[in-house]
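Below is one structure; the comments refer to it alone.
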Amino acid sequence: MVENIDNSKELHTWEILHGHLVNHMQERPHFMPSGRLKSRKKIDYRQVIENASRSMIRFKKPERLIKMIVRVITEQVGVNHAGVLLYRDNKRSYVLIDSKGDIGHKIPIGYIRIPQVNPLVSIFSEKKSFLFDERGVLTADNLKIVLKDKELLKKHQELKEKINQIRKEMELLNANICIPAYFKRKLLGILILGPKTSGKKFDSEELGFFVTLANDAAMAITNAQLIENLQDKVKEVAMLYEREHRLFIHTSIALAAAIDARDPYTSGHTERVTHYSLCIADELNEKKEINNFEKFKEDLHIAALLHDIGKIGIRDNILNKRRLLTRSEQQIIMKHPAIGAAILQPIRELGDIIWAVKHHQEKHDGSGYPAGLKGDEIHLMARIISVADTFDAMTTDRPYRKKKKAIAAVKEIEKQAGKQFDPEIAEAFLRAYKKGVVI
């Protein structure tokens, strides 16, 4: 089992790439330390790289991809040491992400950082092709050859010191070979390889394979980083939304409390209606009309908190009247759902919440207000709030009447199912009441 790979798809991908490289080695027996395989069929490098590239893009974490590459190289290719330096924006350096092998670094990964000005890094952006082989690979052997070229060193007097600095860095990293990994001409990272366990030198085809592997890995790492950055942004937006959402909920609660405070007889009304509404909703969690139940409950929560916000526009002498309202006063009170919707209308993000506020006084048979809607014409949230609102009104004292007992109010709701209330919503309320959650 591969450490640090807990995603089944990524584990499968590792096995695929592992298999490709094993096949590669079986077809090139000098890759194997024992040399026990006799077959010398030439490998199709293009096919190996194509298969490896397809496997790489499935990794969603750059570190996991790098660990897989380093592990396969050290265990299957027969290298004493392999590691990967990857550029990190937040460090402004190339950081050793993974290192493995008999002579690999034992210090914590991420501790080794090489800044961009370090000669080992900067040399890859300079136009001194004579330091590299024909593939752009930096080798310790090639650096030795350059140091022996006195004519070349005369032309480039600063070169000797720079080469010695590079050799020192390579020795510290236990690197015989450094292979740059580019993406869109940007040096994304460096694959470092120690000597082969067999003691032999890497041949031309092997180096070509590693160069292509490094650049394909650079593309896969870039894609993984883009995904990772996008996920971070999504989390950031989600956290921002959560904070904004909590703030809006608290604001809604404060508004509801302010409305309730205008009439001592309705103190706590909004809080109770909200609780009853959410209890009813819990009984409807499998309703087809609800696509996203959690989102629906969030919206219902806000709608219930704001259902009476339109009462802000009703005069106190009507709202706090201790006797039965006159017909004209009733008509004024009946405007509060429309007033509430008008207040909320500029906040487009509220969407269906506005319809719930506007139509929570509609009735199933079409005898409600303000639009005389009936049945499914009434928004589901409004139908739920209607039952919750009525139950609370019946079970609390009013200046012109005493409250009913809960059981009597429940029977009234049962009686009005199909008339004032949606039968399905009334039934959901009854189930919640019998469970003891409507209290």
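Positions 965 to 1403 (our numbering) are the ones given, in order, by the sequence shown.
From the three backbone atoms N, C-alpha and C, an ideal C-beta is built for every residue, glycine too.
As the structure is a computational prediction, the values presented were derived from the model and not from experiment.
Are the CB atoms of I1403 and A1390 nearer to each other than 8 Å? no
Report yes or no: do the segment 1195-1212 and the segment 1357-1368 share at least 3 C-beta pairs separated by less than 8 Å? no
Give the DSSP-derived three-state secondary structure of I1076 in the structure shown. Of the three classes helix, strand and coil, the one that applies to I1076 here is coil, per DSSP.
Identify, in the order they occur along the chain, each residue of the same chain with its Cβ nearer than 8 Å to the Cβ of L1394, setting aside the five sequence neighbours on each side. V1374, I1377 and E1378
Taking just the CA atoms, how far does V1198 sit from D1105? 48 Å
Close-in-space but distant-in-sequence residues of the same chain around L1337 (CB under 8 Å, 5 per side omitted): H1323, E1326 and G1330
State buried or exposed for M1203, treating a residue as buried only when at least 16 other CB atoms are found within 10 Å of its CB. exposed
Can you tell me whether V1201 is buried or exposed? The criterion is at least 16 other CB atoms within 10 Å of its CB, across all chains shown. exposed
Mind checking whether N1179 and A1145 have CB atoms under 8 Å apart? yes
With a cut-off of 8 Å, do at least 3 Cβ pairs link the segment 1153-1164 to the segment 1037-1053? yes
Should H1271 and V1237 be called a contact, given that it needs their Cβ atoms to be closer than 8 Å? yes
Mind pulling the alpha helix (DSSP H) runs of 4 or more residues that sit fully within the segment 1222-1249? 1233-1246
Answer with buried or exposed for V1321, where buried requires no fewer than 16 other C-beta atoms within 10 angstroms of its C-beta. buried
What is the rounded straight-line gap between the Cα of K1031 and the Cα of I1311? 49 Å
Which partner residues of T1215 appear in the DSSP bridge assignment? Bridge partners of T1215: none, in fact.
If you measure between the beta carbons of H1233 and D1224, is that distance less than 8 Å? yes
Can you give the Cα-Cα distance for E1341 and D1053, rounded to whole angstroms? Approximately 55 Å, taken between the alpha carbons.
Do you know offhand how far L1123's Cα is from S1089's? 15 Å
Could you check whether I1278 and H1300 sit closer than 8 Å to each other, using their CB atoms as the reference points? yes
Just reading off the alpha helix (DSSP H) that R1131 is part of, what are its end residues? L1123 to L1136
Let me know the secondary structure DSSP gives Y1205 once reduced to three states. helix
In its own chain, which residues sit with a C-beta less than 8 Å from the C-beta of Y1333, not counting the 5 before and 5 after it? M1298, P1301, Q1325 and E1326
Just reading off the beta strand (DSSP E) that S1057 is part of, what are its end residues? S1057 -> beta strand (DSSP E) spans S1057 to G1065.
Could you say if the segment 1344-1353 and the segment 1242-1257 meet the contact criterion of at least three C-beta pairs nearer than 8 Å? yes
What is the residue span of the beta strand (DSSP E) that R1279 lies within? Per DSSP, R1279 belongs to no beta strand (DSSP E) and is neither H nor E.
When DSSP labels each residue in this structure, what does G1336 get in the three-state scheme? coil
Using CA coordinates, which residue listed in V1101, A1352 and I1087 is at the minimum distance from E1235? A1352
Quick check on L1283: does DSSP put it in helix, strand or coil? helix
Which class does P997 belong to by DSSP, given the choice of helix, strand or coil? Low confidence applies to P997: its pLDDT is 42, below 50, so where it sits in the model is not reliable, and the reading given next is rough at best. Note: P997 maps to coil in three-state DSSP.
Output yes or no for whether 8 Å exceeds the beta carbon distance between L1050 and P1026. Closer than 8 Å, so yes.
Supposed close pair L1269, A1335 - CB separation, criterion 8 Å: L1269 to A1335, Cβ: 22 Å. No contact.
Using 8 Å for Cβ pairs, my map puts G943 next to D1062. What's the rounded Cβ distance? This structure cannot speak to residue 943, because the chain is shown only from 965 to 1403.
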